[in-house]
Amino acid sequence: MGGTSSKLPKDLLSEYQELTFLTKQEILMAHKIFSELQDRENGLYSSRVSMEKILTLPELKSNPFRKRICHVFSTSDMKDGSLSFEDFLDLLSAFSDSATLEIKSHYAFRIFDFDDDGTLDARDLEKLVNSLTGETDDTRLTGEEMRQLISNILEESDIDKDGTVNLSEFQHVISRSPDFVSSFKIVL
Amino acid sequence: MLIYLKTFFFVGKDNEFSLYYVEVEENSQGGQEKQTTRDGKRRRERNGEVSRRRASEKRTTEVDTKRAEKKHEKRHKTARKEGEKHEKRQRRKNSKSESDSAPESKDNQAVGVLGSLTPEELEKLKEAVDERKKLIATMRGKPWPMKKKLVVLSCVLSQGVTGVFIISFLYYSNCQKWMKFQRDFENFKTACIPWEMKIKEIESHFGSSVASYFIFLRWMYGINMILFGLTFGLVMVPEALMGKPYGSIPRKTVPREEEASAMNFAILWDFGGYAKYSVLFYGYYNSQRAIGWLKFRLPLSYFLVGVGTVAYSYMVVIRTMARNANEEGGGDDTSFNFSWKTFTSWDYLIGNPETADNKFASITTSFKEAIVEEQESRKDDNIHLTRFLRVLANFLVLCCLAGSGYLIYFVVRRSQKFALLGLENYGWWERNEVNMVMSLLGMFCPMLFDVISTLENYHPRVALQWQLGRIFALFLGNLYTFIIALMDAIQLKRAEEEIVKKNMTIWQANLYNGTVPDNSTAPPITVHPADIPRGPCWETMVGQEFVRLIISDTMTTYITLLIGDFLRAVLVRFLNNCWCWDLEYGFPSYSEFDVSGNVLGLIFNQGMIWMGAFYAPCLPALNLLRLHVSMYLQCWAVMCCNVPQERVFKASGSNNFYMAMLLVILFLSTLPAIYTIVSIPPSFDCGPFSGKTRMFDVIQETLESDFPAWFGKMFSYASNPGLVLPFLLLLVLAIYYLQSTSKTYKRVNMELKKKLQTVSWEVQMYVQMSPTQLKGLSASSFSGVNEESSSIDEAGHHRQAGQNGRFIHPSQSQHTQNSEPPVSSTHTTTRPPASRGHTSSGHLPGHPQQPQKNSHSNRR
Chain Z
1 MGGTSSKLPK DLLSEYQELT FLTKQEILMA HKIFSELQDR ENGLYSSRVS
51 MEKILTLPEL KSNPFRKRIC HVFSTSDMKD GSLSFEDFLD LLSAFSDSAT
101 LEIKSHYAFR IFDFDDDGTL DARDLEKLVN SLTGETDDTR LTGEEMRQLI
151 SNILEESDID KDGTVNLSEF QHVISRSPDF VSSFKIVL
Chain F
1 MLIYLKTFFF VGKDNEFSLY YVEVEENSQG GQEKQTTRDG KRRRERNGEV
51 SRRRASEKRT TEVDTKRAEK KHEKRHKTAR KEGEKHEKRQ RRKNSKSESD
101 SAPESKDNQA VGVLGSLTPE ELEKLKEAVD ERKKLIATMR GKPWPMKKKL
151 VVLSCVLSQG VTGVFIISFL YYSNCQKWMK FQRDFENFKT ACIPWEMKIK
201 EIESHFGSSV ASYFIFLRWM YGINMILFGL TFGLVMVPEA LMGKPYGSIP
251 RKTVPREEEA SAMNFAILWD FGGYAKYSVL FYGYYNSQRA IGWLKFRLPL
301 SYFLVGVGTV AYSYMVVIRT MARNANEEGG GDDTSFNFSW KTFTSWDYLI
351 GNPETADNKF ASITTSFKEA IVEEQESRKD DNIHLTRFLR VLANFLVLCC
401 LAGSGYLIYF VVRRSQKFAL LGLENYGWWE RNEVNMVMSL LGMFCPMLFD
451 VISTLENYHP RVALQWQLGR IFALFLGNLY TFIIALMDAI QLKRAEEEIV
501 KKNMTIWQAN LYNGTVPDNS TAPPITVHPA DIPRGPCWET MVGQEFVRLI
551 ISDTMTTYIT LLIGDFLRAV LVRFLNNCWC WDLEYGFPSY SEFDVSGNVL
601 GLIFNQGMIW MGAFYAPCLP ALNLLRLHVS MYLQCWAVMC CNVPQERVFK
651 ASGSNNFYMA MLLVILFLST LPAIYTIVSI PPSFDCGPFS GKTRMFDVIQ
701 ETLESDFPAW FGKMFSYASN PGLVLPFLLL LVLAIYYLQS TSKTYKRVNM
751 ELKKKLQTVS WEVQMYVQMS PTQLKGLSAS SFSGVNEESS SIDEAGHHRQ
801 AGQNGRFIHP SQSQHTQNSE PPVSSTHTTT RPPASRGHTS SGHLPGHPQQ
851 PQKNSHSNRR
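Listed in order, the protein sequences are those of chains Z and F. When we follow our numbering, the leftmost residue of the first sequence carries the number 1, and every step to the right adds one. When we follow our numbering, the leftmost residue of the second sequence carries the number 1, and every step to the right adds one.
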């Protein structure tokens, strides 16, 4: 299944169309881009493209969550964030225009869940805020600000007051946001 | 049995298949209890071997298999053979390939079974198939990895081995065709949207606010396309094809004194000469009531197209506004300010490192701002300074506006003086002074406003709206001065026209008396139409003015773009190597894309089109051309010489602001047009309404001559004030009624929202009672597919609580005793509590960080 040769089989293509939010053109485009990434893999033919290669895509290059995105969508056993073509399609589908709020928020939650424990705790939030403010020192928040910010976030969205934000709380918050669906998009 | 169980354990990837057969087998052999005990045994055997995901997968497939079970029991005997056949094949297949489940290969064995089914069974089968189809349809909405989706899909497709399969295949292939068609149609539709890729590219580089301009531009293009179609198809083409040809009557001929220069480029560029006496302008049209063999009512058509253009524009703008308002919905809920800033502020479309840097900076600023606001929400010592600065800024802006207003007034007065003395004595500057001053003001004042608005320190979205409002006021002032000047010119022309009319009779008398003194039987003298004296035709003059304005406006826009953006970018780029300071990040740097200015330019341009289109039918065509060029030129300019804005912000909600301004402009631009149509009599010797006292008399004329008498009578009754006034009253009442109902709806909406909030608080209170137990849940061994959890889920919380033994939801009570509920529970609604509750503390479905060995062992 992971065998992505130069051309995509027709029935597979239609299955992909059925199972993702992508149109035919988008799938073919994705396939083209993916094959290009694959070809650059030196000699060794593999159905997966390593995370480093994926991250060279201009659409992901400047995204602060690029590594997280790869890890979330990767089904690799090695946990190296490498993507097969199907993982890649999953990624594009979740980030596509027509994907539902539910699916977008689900993946957003997993992207923000840095330690993969199923909840957003204070450490996750800190990492998240640090990713959002960039790497440079002049944009980083001070410790005091960070503490204040995280306590504010938890105050707002941690409905069951267990000190963490879980998926349903997260989706609850996200579903009211006017901007989320329009900004949680990646277009190839 | 054992074999199948083993297949379940060892097949791994395709275990859904085998599991299915296991259960079918069990069902056909015995009852339900057996299965449950076996289930339990199986689970004990597995005991932690099978990962959560596997279990959840299994459960979802079981939902489907349950449906099939009954049928299998019924058709036990017939199905048995087929089933076994299939199982063999299936096992072979499993060893052969992982997910090759092409359904085509199986239909031939099942054909015989179809005949043995009764209608009820068929019905049931169809239902089952329907549900399966639903599953397929919802599959894309599930956060599963593709591999799993494919497996489930193939499983679902191949599940019905016997009759189910046949029907599903037939049924499915039929609707597959339909679905394929729908899909192709969708694909086609997306491919048909013009400039979609271009706009998306821009969006990914510059964020949604810049893209919103281009989307607006595209929308405008669509509207102009329709306007152009109307004027071109119903006015210009009929006149050009069926009307009298050029040179047949005076209004269609270049007058003798202009003939020599009529083909000069300068004249043509100014829309004089041949361009003036062509189908492009009002004056060319003949007042002949019906033209050609089609008896096309051109004057009527001209009038109706004029009205229709405006009506259509109103309709489109208002409809779009209403739709946008719907989308905006509930509005400002500020209860999640910080969370939204954290969770949703990153724009994933950003693909440009510079934009990303800017975004980092802006997010940091917004965080800091929010924190500071939160801290200082009570003390407001700084607010006085801000207030003072804002008042100062507004004062400065007002000064600017007043100054520019006076400048325009001054220039217009001067130009009137020039016009009285005759424009021929003056140079190019004097002739174009008004236009130039207006363009220059339109260019520099926005920059000034921009500088002033930095004083105010608003959020960029608010600042953009202020900026838009100010430039709007400026442009509006300009436009109305222009219109007032035009009105003056119209009065002048009409005075001239009176003189010409008088001279005309004298000229005619002279013509007859002078040349043919006494022979009344002689044929009337034919004078070449170019020599006949004619009136000044103020309508064409107005049309020409608008066309010139549009052209000069377009030129200014393009030249500004080329000099201000392109040249600047080139200079900055190449002089940077030999300059004493950093040009790219220092003073001139690259320009930003000016959303507000461009949007307003577009809106005012459109306003002028609406105003002038009645007198110059070529205007929509010109505008279409302009918009088309703009699209490409600006796309190119943005991508090659602009840098993203310093504070990237989202444009949500600004669309309706644009629309509101467009509506205002539309209203303001129809006012003068309607005024001229209604209150100024048309010229006596040019245009489709010549010879009438008012332009709208054409309606009266049509009613009288083209409709039966009773229709005219009815119309006159209908238009008498006694009927019109009650009708107006009724309209007002209807508006009032609709407005009050919408208000009520809004209030109800707010109340519902409040109720929702209180409910969620109540849920909070419930859950708070057992927070410690919730944590303990994470060790629990079951996790489900999070199927339909949307927002916060009340039931989910009840279940959580229920599992801890604190709160026992009535429907869940039977599950609370054991933390591991029976998987084979027959009704699907009381799915094991794992499905939602666990997402809060357990592992996520499809999460890569799940118990490792298991997922590996099952995958391999």
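In this text, a Cβ means the ideal position worked out from N, Cα and C, and glycines have one as well.
Determine which residues of the stretch 345-368 of chain F have a Cβ less than 8 Å from any Cβ of chain Z, and write them out in chain order. Flagged, chain order: Ser345, Trp346, Asp347, Tyr348, Leu349, Ile350, Gly351, Asn352, Pro353, Thr355, Ala356, Asp357, Phe360, Ala361, Ile363, Thr364, Phe367 and Lys368.
Cβ-based burial, Z:Lys24 [other Cβ within 10 Å; buried from 16]: Answer is buried; the Cβ neighbour count reaches 16.
When you compare the CB positions of F:Ile363 and F:Ser345, do they come within less than 7 Å of one another, or not? In contact: F:Ile363 and F:Ser345 (Cβ atoms closer than 7 Å).
Own chain partners of F:Gly405 with C-beta closer than 8 Å, once the 5 adjacent residues on each side are dropped: Cβ-Cβ distances below 8 Å link F:Gly405 to Gly477 and Thr481 in the same chain, with the five nearest sequence neighbours on each side left out; the list follows chain order.
8 Å contact criterion, which Z:His106 and F:Pro145 should meet: CB distance rounded: About 12 Å separates the two Cβ atoms, so there is no contact after all.
Does DSSP classify F:Phe214 as helix, strand or coil? Note: F:Phe214 maps to helix in three-state DSSP.
Does any C-beta atom of chain F lie closer than 7 Å to the C-beta of Z:His152? The question names His, but residue 152 of chain Z in the sequence shown is Asn. A Cβ of chain F is located within less than 7 Å of the beta carbon of Z:Asn152.
Mind checking if F:Pro145 is an interface residue toward chain Z, Cβ cutoff 7 Å exclusive? Interface residue, yes.
What is the DSSP secondary structure of F:Ser105, reduced to helix, strand or coil? With a pLDDT of 41 at F:Ser105, under the threshold of 50, the predicted position of this residue should be treated as unreliable, though the coordinate-derived value follows. The answer is helix: DSSP assigns F:Ser105 an H, G or I state.
Is it buried or exposed for F:His384, if we count other Cβ within 10 angstroms and need 16 for buried? Result: exposed.
Could you please give the first and the last residue of the uninterrupted alpha helix (DSSP H) stretch that includes F:Pro238? Here the alpha helix (DSSP H) through F:Pro238 covers Val237 to Met242.
Just the Cα atoms here: how many angstroms apart are F:Cys537 and F:Glu545? Distance between the alpha carbons of F:Cys537 and F:Glu545: 13 Å.
So does the stretch 609-620 of chain F actually touch the stretch 231-249 of chain F, counting three or more Cβ pairs closer than 8 Å? Yes: at least three Cβ pairs fall under 8 Å.
Suppose the cutoff is 7 Å on Cβ atoms and the five residues either side in sequence are ignored; what does the same chain contact list for Z:Glu18 look like? Nothing meets the Cβ criterion.
Please name the residue, chosen from Z:Lys104, Z:Ile103 and Z:Glu126, that lies closest to Z:Phe114 on a Cα-to-Cα basis. Comparing Cα-Cα distances from Z:Phe114 to each of Z:Lys104, Z:Ile103 and Z:Glu126, the minimum goes to Z:Glu126.
How would you call F:Lys134, buried or exposed, if buried means at least 16 neighbouring beta carbons within 10 angstroms? Counting C-beta atoms within 10 angstroms of its own C-beta, F:Lys134 has fewer than 16 neighbours from the protein chains shown and is therefore classed as exposed.
So, is F:Met236 buried or exposed, given that buried needs 16 or more other C-beta atoms within 10 angstroms? When all chains shown are included, F:Met236 counts as buried.
I need the straight-line Cα distance from F:Gln508 to F:Ile249, nearest angstrom please. Going from the Cα of F:Gln508 to the Cα of F:Ile249 covers about 16 Å.
Check whether the stretch 209-218 of chain F touches the stretch 624-636 of chain F, taking contact to mean three or more Cβ pairs, one atom from each stretch, closer than 8 Å. The answer is yes - the stretch 624-636 of chain F touches the stretch 209-218 of chain F, with three or more Cβ pairs under 8 Å.
Can you give me the C-alpha to C-alpha distance between F:Phe932 and F:Gln700, rounded to a whole angstrom? A question about residue 932 of chain F goes unanswered here, because the residues of chain F that appear run from 1 up to 860.
Just to make sure I have the definition right: I need the residues of chain Z whose C-beta is within less than 8 Å of the C-beta of F:Asn187. Which are they? The CB of F:Asn187 comes closer than 8 Å to the CB of Thr23, Lys24 and Gln25 in chain Z, given here in chain order.
Cα-Cα separation between F:Gln32 and Z:Gln38, rounded to whole angstroms: Note that F:Gln32 has pLDDT 41, beneath the 50 cutoff, so the model's placement of it is unreliable and no number is given.
Is DSSP giving F:Arg568 helix, strand or coil here? In the structure shown, F:Arg568 adopts helical secondary structure according to DSSP, grouped into three states.
Would you say F:Ser415 and F:Val434 are within 7 Å of each other, going by their C-beta atoms? Cβ atoms of F:Ser415 and F:Val434: closer than 7 Å.
Would you identify the three-state DSSP class for F:Val152, choosing helix, strand or coil? If DSSP states are grouped into helix, strand and coil, F:Val152 belongs with the helices.
Ordered along the chain, which non-local residues of its own chain (more than five positions away) have a Cβ less than 8 Å from that of F:Met555? If we look at F:Met555 and ignore the five residues flanking it on each side, it has no Cβ neighbours.
Quick check on the DSSP output: the alpha helix (DSSP H) that includes F:Thr540 runs from which residue to which? Per DSSP, F:Thr540 belongs to the alpha helix (DSSP H) from Trp538 to Thr560.
Indicate whether F:Leu401 and F:Leu474 have their beta-carbon atoms separated by less than 7 Å. Against a cut-off of 7 Å, the Cβ pair of F:Leu474 and F:Leu401 comes out as a contact.
Whose Cβ in chain F lies nearer than 9 Å to the Cβ of Z:Phe180? Simply Trp340, Phe343 and Thr344.
Would you please verify whether the beta carbon of F:Met139 is less than 7 Å from any beta carbon of chain Z? By the rule that beta-carbons nearer than 7 Å mark a contact, F:Met139 touches chain Z.
Which runs of the alpha helix (DSSP H), 4 residues or longer, sit entirely within the stretch 69-133 of chain Z? Taking only runs of at least 4 residues, the alpha helix (DSSP H) segments lying wholly in the stretch 69-133 of chain Z are 85-94, 101-112 and 122-133.
Hey, is F:Phe903's beta-carbon within less than 7 Å of any beta-carbon in chain Z? It is not possible to answer for residue 903 of chain F, since the shown part of chain F is limited to 1 through 860.
Quick one: any contact between the stretch 269-279 of chain F and the stretch 654-666 of chain F, if contact means 3 or more CB pairs under 8 Å? The stretch 269-279 of chain F is not in contact with the stretch 654-666 of chain F.
Local conformation of Z:Ser175 per DSSP, three classes: Three-state DSSP puts Z:Ser175 in a helix.
Per DSSP, the bridge partner or partners of F:Val462: BP columns for F:Val462 are empty, so no partner.
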